[in-house]
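Before any comments, here is the structure.
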Amino acid sequence: MIKSTILASLAALVCGSAAIADELKPIVAEAVALGRPVEFERDVYPILEANCIACHNVTVSEGDLILENIAAILKGGGTGPAVVPEKPDESLLLKLASRGEEPVMPPMPNDRKAKELNPNQLGILRQWIIEGAKAGAVTTAKTMNWQPINPRLHGVYSLDIDNAGRFVAAGRGNHVSIYDLSRRDVVGALIDPAIVSSGSAGPAGMAHRDYVHAIAFHPTEPMIATSGYRNVKLWRRNVNNIAGSWPIPADVQAWTATTDGLEVGMAVASKGLVVANSLTGAERGIVPLEGQAVSALSIFQAEPKWIVAATADAKIVVVRNT
845 MIKSTILASL AALVCGSAAI ADELKPIVAE AVALGRPVEF ERDVYPILEA
895 NCIACHNVTV SEGDLILENI AAILKGGGTG PAVVPEKPDE SLLLKLASRG
945 EEPVMPPMPN DRKAKELNPN QLGILRQWII EGAKAGAVTT AKTMNWQPIN
995 PRLHGVYSLD IDNAGRFVAA GRGNHVSIYD LSRRDVVGAL IDPAIVSSGS
1045 AGPAGMAHRD YVHAIAFHPT EPMIATSGYR NVKLWRRNVN NIAGSWPIPA
1095 DVQAWTATTD GLEVGMAVAS KGLVVANSLT GAERGIVPLE GQAVSALSIF
1145 QAEPKWIVAA TADAKIVVVR NT
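Encoded structure:
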């Protein structure tokens, strides 16, 4: 009984060893003949992307190994370089992918839909290493052939209003218009000078080449963000250009401006309430206040167009701005 038990144990051990040997039987790489040097982006990267990068990328790097670019592959992970240029038999990436050494990669089964590399894929990887694990020819990006947007599809697909409730930015097709609600009119447009007008690109004055999908005003800065096809653009209002400059009286107590920015109202101790052109300073009208000091001032542009002043002696003065 004891002898038969020992024999059974030996038989199980031999069978187990045979199973492990079968499991670690390496996949033999094919000899590849592409008629050109193997290129990383064109030939190697698609293999890694389909079967390896899901677990070895900048976000998820099992074993501290990243396989998304050549520099990271040559750097390797916790066990050293993944590839030794010109030495495929010393390259851990090839040995594990050939499933001849533990831990085999990719592990099977897995939840990333990764598959064992076939002999042809291993041959490409091996040949790339033999040739020095170089980038190869640089792939020239294809030029996008932009077409004009159908004029019947120029509806507003994106819209936003600033925090003050005065300006609205509307994306109409690939154009962005800025509306001033106080004037009920268009006061500007977002135009990218880098977009060159051509017969196929459409008319000049575009913000994006494709539809403007989203618009957002910055809550505190004079900035607007717009998104188009695979890009986001940030637009900042040029606040450095001085449209006009003129000296103000030294005894100005308070001031305000109309919502359209065309006129300013000032409380001047020596004159009273003064309405002037905001660009030139030309005075349009003066209302004397008999020396009353003004602590606050507001102009209402909507009818009946009041100018309201709060005086230092706790009075409200209302004047019609005509």
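Residue 1086 in my numbering sits at position 242 of the sequence shown, with consecutive numbering throughout.
Quick reminder that beta carbons are idealized off the backbone N, C-alpha and C, glycines included.
Keep in mind it's a predicted model, so treat the numbers as computed, not measured.
**Asked** What is the rounded straight-line gap between the Cα of I1151 and the Cα of T1166?
**Response** So the alpha carbons of these two residues sit roughly 10 Å apart.
**Request:** Assuming R956 and A898 form a contact by the criterion Cβ under 8 Å, report the distance between their Cβ atoms to the nearest whole angstrom.
**Result:** Yes, they are in contact, since the Cβ atoms of R956 and A898 sit about 4 Å apart, within 8 Å.
**Euclidean distance between Cα positions of L940 and M1067** = Rounded to whole angstroms, L940 to M1067 spans 52 Å at the Cα level.
**Candidates V1162, D1157, Q991, of which the one nearest P1148 by Cα** = Out of V1162, D1157, Q991, V1162 has the C-alpha closest to the C-alpha of P1148.
**Message:** Do M1110 and A1126 have their beta-carbon atoms positioned less than 8 Å apart in this structure?
**Reply:** In this structure, M1110 does not lie closer than 8 Å to A1126 by Cβ.
**Asked** Is the CB-CB distance between A1137 and A1113 below 8 Å?
**Response** Cβ atoms of A1137 and A1113: closer than 8 Å.
**Message:** Just verifying my parser: in three-state terms, what is the DSSP assignment at Y1191?
**Reply:** There is simply no residue 1191 to check, as the chain begins at 845 and stops at 1166 in what is shown.
**Asked** If we ignore side chains and look at the alpha-carbon of each, how far apart do A894 and D1036 end up?
**Response** The alpha-carbon of A894 is positioned some 38 Å away from that of D1036.
**Item:** DSSP-derived helix/strand/coil call for G1046
**Value:** At G1046, the pLDDT of 47 sits below 50, so the modelled position is not reliable; the number obtained from the coordinates is stated separately. Assignment of G1046 by DSSP, reduced to helix, strand and coil, places it in the strand class.
**Item:** Buried or exposed (CB count within 10 angstroms, at least 16 for buried), A1087
**Value:** Around the beta carbon of A1087, a 10 Å sphere encloses fewer than 16 other beta carbons of the protein chains shown; the residue is thus reported as exposed.
**Request:** Tell me, to the nearest whole angstrom, how far the beta carbon of V876 is from that of N964; I am working on the premise that it is less than 8 Å.
**Result:** Going by Cβ atoms, the distance from V876 to N964 rounds to 7 Å, so yes, they are a contact pair.
**Request:** Spell out the partners DSSP gives L1078 in its beta bridges.
**Result:** Answer is A1069, bridged to L1078.
**Asked** Where do the N-terminal and C-terminal ends of the alpha helix (DSSP H) with L1174 fall, by residue?
**Response** Lying outside 845 to 1166, the shown extent of the chain, residue 1174 is not represented and no answer is given.
**Prompt:** Between T1064 and A1013, what straight-line distance do the alpha-carbon atoms span, to the nearest angstrom?
**Reply:** Distance between the alpha carbons of T1064 and A1013: 16 Å.
**Request:** Report back the beta-carbon spacing between S1002 and I1059 to the nearest angstrom; my notes put them in contact at under 8 Å.
**Result:** The pair is a contact, with the Cβ atoms about 5 Å apart (cut-off 8 Å).
**Asked** With G967 and R886 assumed to form a contact (beta carbons below 8 Å), what rounded beta-carbon distance in angstroms separates them?
**Response** That belief does not hold up - the Cβ atoms of G967 and R886 are roughly 15 Å apart, past 8 Å.
**Request:** Entirely within the stretch 880 to 950 and at least 3 residues each: give me those beta strand (DSSP E) ranges in chain order.
**Result:** Counting only runs of 3 or more, we get nothing.
**Message:** Could you compute how far the alpha carbon of A1098 sits from the alpha carbon of I993?
**Reply:** Whole-angstrom Cα-Cα distance: 51 Å.
**Request:** State buried or exposed for G1015, treating a residue as buried only when at least 16 other CB atoms are found within 10 Å of its CB.
**Result:** The C-beta of G1015 has 16 or more other C-beta atoms within 10 Å across all chains shown, which makes the residue buried.
**Asked** Going by other Cβ atoms of all chains shown within 10 Å of its Cβ, with 16 needed for buried, is R1164 buried or exposed?
**Response** When all chains shown are included, R1164 counts as exposed.
**Request:** To the nearest angstrom, report how far apart K919 and P953 are at their CA atoms.
**Result:** C-alpha separation (whole angstroms): 28 Å.
**Request:** Answer with buried or exposed for R1074, where buried requires no fewer than 16 other C-beta atoms within 10 angstroms of its C-beta.
**Result:** Exposed, since its Cβ has fewer than 16 Cβ neighbours within 10 Å.
**Asked** How would you write the range of the alpha helix (DSSP H) that L1123 sits in, first residue to last?
**Response** First-last for L1123: undefined, no H or E at that position.
**Request:** Name the residue from H998, G924, N1007 whose alpha carbon lies nearest to the alpha carbon of V1020.
**Result:** The option with the nearest alpha carbon to V1020 is H998.
**Prompt:** With DSSP run on the structure shown, which of helix, strand or coil describes A1156?
**Reply:** Three-state result, A1156: coil.
**Prompt:** Alpha carbon to alpha carbon, how far is D1029 from R1081?
**Reply:** Rounded to whole angstroms, D1029 to R1081 spans 18 Å at the Cα level.
**Prompt:** Going by DSSP, what residues sit across from A1038 in a beta bridge?
**Reply:** DSSP lists no partner for A1038.
**Request:** For W972, collect the residues of the same chain with a Cβ closer than 6 Å to its Cβ; drop the 5 residues on either side in sequence, then sort them by chain order.
**Result:** Answer for W972: V882, V888, listed in chain order.
**Prompt:** For I1059, does the three-state DSSP call read helix, strand or coil?
**Reply:** Judged by DSSP in its simplified three-state form, I1059 adopts strand.
**Asked** Quick one, are the C-beta atoms of L1034 and W1079 less than 8 Å apart?
**Response** Their beta carbons are under 8 Å apart, which means L1034 touches W1079 by this criterion.
**Beta-bridge partners of F1011, as assigned by DSSP** = Paired residue(s): D1024.
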